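Participant: Numbering (numbering that gives the first Met the number 0), first residue to last: 0 to 492. Even for Gly, the Cβ is constructed at its ideal location relative to N, Cα and C. Because the structure is a prediction, the values reported are computed rather than measured.
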Amino acid sequence: MMTNAFATVAAELEPLPSQHFVHGGWRQSASGQAIETFDPGRAEPHARFAAGTAEDVAEAVSSARQAQHGEWGRATPAERGRVLMRAAELIRENIERLAVAEVLDSGKTLTEARGDVRGSARAFEYYAGAADKHEGKAYPLGPNYTSYSIEEPVGVTAHIVPWNYPLSTTCRSIAPALAAGCTAVVKPAEQTPMTALLLAEILVLAGLPDGACNVVTGTGIAAGAPLVSHPDIRHVTFTGSTVTGINVMKAAAQNIASVTLELGGKSPNIVLADADIDLALDNVVGAIFENAGQICSAGSRLVIERSIHAQFIERLVERARRLRIGHGLTEGVNFGAISSAEHLGKVASYVEGAKARGLEIVTGGKVTVDPATGKGWFFEPTIVDGADWDDPIVQEEIFGPVLAVQVVDGVEQAIAAANCTQYALVAGLFTRDLAKAHRIARDVDAGQVFVNEYFAGGIETPFGGNRRSGIGREKGLLALSAYTRTKTVTLRI
Ligand code: NAD
């Protein structure tokens, strides 16, 4: 029951941080101002955090610079790896504290939050192993020369994090940055600041030197913008909306700083008539309704062959209606809240628009509350059928539990439907035909294609988008290249 869960919360969480984390310790905001963070499952504030400004950012960047030129910059790759491995262990040891804080800030379910914490530990474990394996090269100039290159850290890096996967997005970018020998300043989303702060403290306990990872909380305008435009930042990793990503890229360009942008998506989930239908149903539900659809790589469009359309939708609706809505700490709940009142309004307005245009809402379609308390920001799992391909419900990222259905005839039309938006992040595909699978994987425009398992992959597999879905790749060994630059040394001997 939720009441018991909240008793656990009090025991697990006290005290939650309320200040920035700079140079290995808690720092009051220069402005003295604080912001409330809300528990979306109750639509009530649950904590306060520091409202950062350019002054706090300047202090954090200066601390990161010191660590870069100091202890962390001088650590051997093997020493860096050991710190990251210890961090992975400590993240696992703190799973309940981190997961509950994540539920309260973000509205997701405890099961999802625990999965995010495990994934975060795994990111540190993976890059711990990579720290001493990012090798340079030697070049064949003949007997009179020795020429080699080294991969040196780029320097101080900025990490701008969104509210949908606060901890795991932070970890998947700072773990490779630290492994590469960079230092970091993190700006979490103003809706979900807590787990980044808890993480920064854990990293110091793991042996990370003061200043190697700093966290400044606050709004995008007051704290995020001064961070990404700071002249000492050499790389910015940003995850969030395409519109903000464009601004971040422009700001970084002023300092010739590099960027990794993980932006929006409107990813198709293609189900061909020969697919294992039960497998496809499970995956289509998970792809759009996990985290209440607030996932950049959500499978928010179902592209389905006409011959199986009616029967598939009927069974999909049954599964969508079986999802249990409620506060993320309530036992048995598997469908959490929408992150903020503002975002709930945005999701609702997309569906109202679809209704006004006469589209068929086959299930869901309404704002709702936690049935146990009558509170919270929730939106029913929703499926919209019959939209034209140029309809906003098909074209625009809603970032909520709303699935748009596109009916197609054959593989060529499925590929055309998959490629019909400005986004190109992920494509899911369900088929038993290997030739069709490879053909679609070849012709679909996406950073990753998942065949017969949506969200397949892990920290080992590079992840990122094309076109308006982003630039650069996170995860995998490839991510290290964002945080290193090549120095070539050539000697005449
Ligand atoms: P956003 O892109 O504005 O915010 C993401 C992060 O960027 C936050 O930490 C925010 O404080 C920061 N930020 C905002 N303006 C900034 C600036 N000028 N300079 C530096 N940092 C800045 O996203 P949002 O307003 O929270 O959500 C809007 C939409 O973005 C959502 O509806 C959804 O479509 C999309 N979104 C996508 C992802 C994703 O994973 N791709 C995540 C969250 C939101």
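State the CB to CB distance for the pair LEU271 and LEU315, rounded to an integer number of angstroms; the pair is presumed to be in contact (CB under 8 Å).
Facilitator: That belief does not hold up - the Cβ atoms of LEU271 and LEU315 are roughly 16 Å apart, past 8 Å.
Participant: Do PRO175 and THR493 count as a contact pair if the criterion is CB distance below 8 Å?
Facilitator: As shown, the chain starts at 0 and ends at 492. That puts residue 493 outside it, with no answer to give.
Participant: Measure the C-alpha to C-alpha separation of HIS22 and VAL185 and round it to an integer number of angstroms.
Facilitator: Cα to Cα, HIS22 sits roughly 13 Å from VAL185.
Participant: Provide the residue(s) that pair with CYS212 in DSSP beta bridges, ordered along the chain.
Facilitator: Looking at the DSSP assignment, CYS212 forms a beta bridge with ALA183.
Participant: Determine the direct distance from the alpha carbon of PRO187 to that of LEU196, and round the result to whole angstroms.
Facilitator: If I take the Cα positions, the gap works out to 9 Å.
Participant: Can you grab the Cα-Cα spacing for the pair ILE287 / LYS486, in whole Å?
Facilitator: Distance between the alpha carbons of ILE287 and LYS486: 44 Å.
Participant: Given a cut-off of 8 Å on the beta-carbon distance, is the pair ALA413 and VAL383 in contact?
Facilitator: No. Outside cutoff.
Participant: Give the range of the beta strand (DSSP E) segment to which GLU379 is assigned.
Facilitator: No beta strand (DSSP E) holds GLU379; DSSP gives it neither H nor E.
Participant: When the Cα of GLY263 is compared with those of GLY469, GLU78, GLN190, which residue comes out closest?
Facilitator: Out of GLY469, GLU78, GLN190, GLY469 has the C-alpha closest to the C-alpha of GLY263.
Participant: Is there at least one non-hydrogen atom of the ligand NAP closer than 7 Å to the beta-carbon of VAL184?
Facilitator: The ligand NAP is not part of the structure shown, which contains the ligand NAD as its ligands.
Participant: By Cβ distance below 7 Å, which residues in the same chain neighbour ALA221 in space, the five residues on each side in sequence not counted?
Facilitator: So the list reads ALA50, GLY51, THR52, once near-sequence residues are dropped.
Participant: Would you call the segment 301-308 and the segment 472-487 in contact, with 3 or more CB pairs under 8 Å?
Facilitator: No: fewer than three Cβ pairs fall under 8 Å.
Participant: CB GLU512 to CB ALA112, shorter than 8 Å?
Facilitator: Nothing in the structure corresponds to residue 512, since the chain is present only between 0 and 492.
Participant: What did DSSP end up calling ARG121 once you bin it into helix, strand or coil?
Facilitator: Reduced to three states, the DSSP call for ARG121 is helix.
Participant: According to DSSP, is LEU109 part of a helix, a strand, or is it coil?
Facilitator: The answer is helix: DSSP assigns LEU109 an H, G or I state.
Participant: Closer than 7 Å to a non-hydrogen atom of the ligand NAD - does that hold for the CB of SER240?
Facilitator: Yes - the ligand NAD has a heavy atom lying nearer than 7 Å to the Cβ of SER240.
Participant: Cutting at 6 Å between CB atoms, please list the residues of its own chain near ASP209, excluding the five before and the five after it.
Facilitator: The answer, listed in chain order, is HIS22, GLY23.
Participant: Give the DSSP-derived three-state secondary structure of TYR453 in the structure shown.
Facilitator: TYR453 falls in the coil class under three-state DSSP.
Participant: Please list, in chain order, all residues of the same chain as ASN451 whose beta carbon is under 7 Å from its beta carbon, the five residues on each side excluded.
Facilitator: So the qualifying residues of the chain are LEU278, PHE429.
Participant: Is the closest heavy atom of the ligand NAD to the C-beta of PHE378 under 7 Å?
Facilitator: No, since every heavy atom of the ligand NAD falls outside the 7 Å radius drawn around the Cβ of PHE378.
Participant: Name the DSSP beta bridge partners of ARG26, please?
Facilitator: Its beta-bridge partners are HIS19.
Participant: What number of angstroms, rounded off, separates the C-alpha of ASN3 from the C-alpha of PRO39?
Facilitator: Caution applies to ASN3, whose pLDDT of 49 falls short of 50 and renders its modelled position unreliable; the model cannot decide the point.
Participant: Compare the Cα-Cα distances from ARG323 to each of ILE439, VAL302, PHE377, VAL227 and report the closest residue.
Facilitator: Closest by alpha carbon: PHE377.
Participant: Since PRO380 and THR367 should fall inside the 8 Å C-beta cutoff, what is the C-beta to C-beta distance between them, to a whole number of angstroms?
Facilitator: Not a contact, Cβ separation roughly 10 Å.
Participant: Look at the Cβ atom of VAL56, then the Cβ atom of LEU207, and state whether they are nearer than 8 Å.
Facilitator: No, Cβ-Cβ distance for VAL56 and LEU207 is not below 8 Å.
Participant: Look at the Cβ atom of ARG438, then the Cβ atom of VAL410, and state whether they are nearer than 8 Å.
Facilitator: Yes, these two residues count as a Cβ contact at 8 Å.
Participant: If you count every other CB in all the chains shown that lies within 10 Å of the CB of TYR147, and 16 or more means buried, which is it?
Facilitator: Under this definition TYR147 is an exposed residue.
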